[in-house]
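First up is the structure itself, then whatever we jot down about it.
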Amino acid sequence: MSTTASQPVKTIAEFPAAAAEFQEAIRKIVRSHAVNELYGARVFDEPAISFAPTPYAKWLTCRVAMEEYGHHVRFRELGEQIGIPAAELVPGEKKPLSIFAFPLATWEEFCVIKLLADLAEILQVEDLLHCAFHPLRNLARMTMPEERFHAQFGRDFCLELCRTPGGRAKVQDAIDRYFPMLPAFFGASGSRNNATYRRLGIKQRRNEEMRADFLERARALVEDELKLKLPEIAGTA
Ligand SMILES: [Fe+2]
Ligand SMILES: [Fe+2]
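At the far end of the sequence shown sits residue 1395, using my numbering, and the numbering has no gaps.
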């Protein structure tokens, strides 16, 4: 069956009439966002509230945690509306993404996660801003300013930590341990799923293009702004 990429699906009511391939692709993306937003909120954002060193930092961290749970709630709601079984919209037996396996133990690590993992998330959400399924496109547009706030939060607190030699060393150490997990977040190069998403007008860019863009933006943040070093990663071209 061939599907035209340029045919947008404007409402949830139109969704059941869309090509099966389109429906399946959309469900896959919504499912993964719903699961990952909840997973991240549980293992990083909520625990980080107790690591935040001041009432001000705790307040902002609460806001970040609230928004990440909110992202889950919104994606889950959309998922339910397009027929994804409820059990598939929360983390289950499936192994979580490797970026969530990092055992969060310090405030510095959390700031680095917001700086780098939320930048990676921004790229993913950016790619959906022109998605042919308008309810998902609208959700991406609603989520984007919050993801930008999370990355900005990471940048601001990392800059503050880097003002002391001890803080700089801890931020560099967290970057060295966390950054290597991120390139895999963009998926395999030459991915067939990704080719399908682009053909159907759901996504815009190849996984390898997004990864290269991420590496470029991460390097600018870490090296130009924080004046730290981004570790070399093999095999990410
Ligand atoms: Fe999020
Ligand atoms: Fe976020």
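Glycine is no exception: its CB is placed at the ideal position from the N, C-alpha and C atoms. Keep in mind the model is a prediction, meaning the values are calculated, not measured.
I1280 sits away from M1339, with the two beta carbons spaced by 7 Å or more.
Those residues having their beta-carbon less than 5 Å away from any non-hydrogen atom of ligand 2 are, in chain order, D1276, E1305, H1308. Judged by DSSP in its simplified three-state form, V1167 adopts strand. F1291 is bridged by DSSP to V1167.
Per DSSP, reduced to three states, the secondary structure at P1338 is helical. A check of alpha carbon separations from A1309 across I1271, C1320, A1342 identifies I1271 as the nearest. Relative to the non-hydrogen atoms of ligand 1, the Cβ of H1191 never comes closer than 6 Å to any of them. Straight across, the Cα-Cα distance linking R1221 with K1385 is about 28 Å. In the displayed model, T1301 falls within a helix according to three-state DSSP. Cα atoms of E1366 and V1201: separation of roughly 27 Å, rounded to the nearest angstrom. In the assembly as shown, R1350 is an exposed residue. Its beta-carbon has fewer than 16 other beta-carbons within 10 Å. Relative to ligand 1, the nearest heavy atom lies less than 6 Å away from the CB of H1229. In this structure, the CA atom of E1246 is about 34 Å from the CA atom of A1215. Sixteen is the threshold: when 16 or more other Cβ atoms of the shown chains lie within 10 Å of the Cβ of L1277, as they do, the residue is buried.
About 19 Å separates the beta carbon of E1226 from that of E1266, a gap too long to meet the 8 Å contact definition. The three-state reading of DSSP puts R1321 in coil, since its state is none of H, G, I, E or B. Cβ-Cβ separation between T1354 and A1183: approximately 6 Å, consistent with a contact (criterion under 8 Å). The Cβ-Cβ distance between P1341 and R1369 falls below 7 Å. Here Q1165 is exposed, its C-beta having fewer than 16 other C-beta atoms within 10 Å. According to the DSSP assignment, A1175 belongs to no alpha helix (DSSP H), since it is labelled neither H nor E.
By the criterion of a C-beta distance shorter than 8 Å, R1299 is surrounded in its chain by L1287, once the five residues flanking it on both sides are discounted. About 13 Å separates the Cβ atoms of P1243 and V1193, ruling out a contact at the 8 Å cut-off.
The beta carbon of A1178 sits closer than 6 Å to no other beta carbon from its chain once the five residues preceding and following it are set aside. Going by DSSP, E1235 is part of the alpha helix (DSSP H) stretching over 1213-1239. About 7 Å separates the beta carbons of F1344 and F1372, which is inside the 8 Å limit, making them a contact pair.
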